[in-house]
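Residue numbers (the numbering used here): 432 to 762.
This is the structure in structure tokens:
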């Protein structure tokens with residue numbers, strides 16, 4: 432066993448019992464449904480689709496389904512549209528595997544609660560342990576890193592196809608900020624190496640992940656012409672509902688330009704603030720070079736990781752205090 436294999440084995444050791452409990456439950460059920468969080472990202476969708484393909488490859492006689500909201504720009508470019516299931520499907524025994532979701536209120540489809548058994552697999556802090564089995568490892572950069580560690584560590588002759596691996600890689604690269612966030616570890620790269628060994632074309636994956644249309648340049652131009660920077664290097668832009676309509680974008684796409692500030696000298700934290708008329712709030716996506724911002728996010732009905740979190744405010748009257756709270760991290 433080489434050095435990378437030993438590293439994967441070492442990280443798996445404390446979780447091996449849970450890994451095999453999960454495998455045993457997968458073997459028991461004829462019907463399995465995979466769930467993810469609302470407003471999905473690369474990790475939620477990539478981990479879900481990677482596990483879906485892995486289950487289909489290794490348990491072809493089981494009925495595997497995936498549920499959740501479609502993404503305005505990832506679907507169907509990166510991931511297939513969500514399956515539509517009638518209520519009858521959920522009236523028979525099934526296993527629910529809920530991925531990349533810290534608490535019940537963020538699970539995209541409420542029918543997970545009808546499951547005979549629930550497995551939670553997540554890398555966020557354990558806000559709410561709602562599963563019969565809760566596999567939570569906050570050391571991992573992405574939920575996919577946990578799942579792939581598990582799939583590589585369980586006993587048995589199982590296939591990891593390049594199709595499954597490419598989806599897991601999308602999830603891993605997405606939630607680690609293309610391996611730039613401090614959550615990235617040697618183990619993260621070890622998992623990436625094992626995924627790359629399957630033979631998918633890396634350049635194709637990145638082209639699909641970060642593909643943009645000419646129309647998207649209008650949004651970028653608006654952001655560059657309207658962003659503000661606070662005293663201590665907090666950059667932010669606001670997309671009102673009116674502006675979203677002018678730019679012909681949805682609320683979900685409002686945060687897509689947030690990382691435009693990631694490599695700018697003097698900017699320490701960067702945020703997108705997007706009005707959500709439906710939910711009567713402003714959704715905030717926060718990123719940071721070094722400082723942990725998840726505690727600030729938690730004050731504003733959010734949370735997440737040290738360098739990548741989400742939050743929301745009811746009105747723009749709260750924006751000044753929100754930016755001040757981020758500024759205070761640097762005092």
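Think of the CB as a built atom: it goes at the ideal place given N, C-alpha and C, for glycine as much as any other residue. Owing to the predicted nature of the structure, the values given are computational and were not obtained by experimental measurement.
Among 724, 596, 684, 614, which has the Cα closest to the Cα of residue 483? Out of 724, 596, 684, 614, the CA that lies nearest to the CA of residue 483 is found in 596.
Candidates 485, 491, 457, 498: closest to residue 470 by CA position: The shortest C-alpha to C-alpha distance from residue 470 to any of 485, 491, 457, 498 is the one to 498.
With a floor of 3 residues, list each beta strand (DSSP E) that falls wholly inside the region 681 to 733, ordered by position along the chain. If we require 3 residues or more, the beta strand (DSSP E) runs fully inside the region 681 to 733 come out as 700 to 707, 712 to 719.
Is residue 800 helix, strand or coil when you go by DSSP? As shown, the chain starts at 432 and ends at 762. That puts residue 800 outside it, with no answer to give.
Between residue 659 and the rest of its own chain, which residues show a CB-CB distance below 8 Å, the 5 nearest in sequence each way excluded? If you ignore the 5 residues before and after residue 659, its C-beta comes within less than 8 Å of the C-beta of 666, 667, 668, all in its own chain and listed in chain order.
Three-state class that DSSP yields for residue 469 in the structure shown: The three-state reading of DSSP puts residue 469 in coil, since its state is none of H, G, I, E or B.
Separation of residue 450 from residue 583, as counted between CA atoms: If I take the Cα positions, the gap works out to 10 Å.
Please specify which runs of the beta strand (DSSP E), each continuous and at least 3 residues long, are wholly inside the region 520 to 555, giving them in chain order. Runs of the beta strand (DSSP E) spanning 3 or more residues and lying entirely within the region 520 to 555 occur at 526 to 530, 548 to 553, in chain order.
According to DSSP, simplified to helix, strand and coil, what is residue 455? Residue 455: helix per DSSP, three-state reduction.
Is residue 740 buried or exposed, if buried means 16 or more other CB atoms sit within 10 Å of its CB? Residue environment for residue 740: buried (at least 16 other C-beta atoms within 10 angstroms of its C-beta).
If residue 493 sits next to residue 461, beta carbons under 8 Å apart, how far is it from one beta carbon to the other, in whole angstroms? 6 Å between Cβ atoms; contact.
For the putative contact between residue 626 and residue 530, defined by C-beta atoms under 8 Å, what is the C-beta separation to the nearest angstrom? Actually they do not touch by this definition, with Cβ atoms about 17 Å apart.
contact_flag[the region 700 to 708, the region 668 to 680] where n(CB pairs < 8 Å) is 3 or more: Flag = yes, the region 700 to 708 and the region 668 to 680 touch.
So, at 7 Å on beta carbons, what are the nonlocal neighbours of residue 542 in its own chain, with the 5 sequence-adjacent residues on each side left out? For residue 542, where only same-chain residues beyond five positions count, the Cβ hits under 7 Å are 521.
Would you kindly work out how many angstroms separate the C-alpha atoms of residue 561 and residue 656, rounded to a whole number? Their Cα atoms are separated by approximately 44 Å.
Other residues of its chain near residue 580: CB distance less than 7 Å, five sequence neighbours each side excluded: Once the five neighbours on either side are set aside, the close Cβ partners of residue 580 are 439, 442, 443, 622.
Bridge-paired residues (DSSP) for residue 743: For residue 743, which the question treats as bridged, DSSP gives the partners 714.
Note down, in chain order, each residue of its chain lying with its Cβ closer than 8 Å to the Cβ of residue 662, except the 5 sequence neighbours on either side. Here the set comprises 758.
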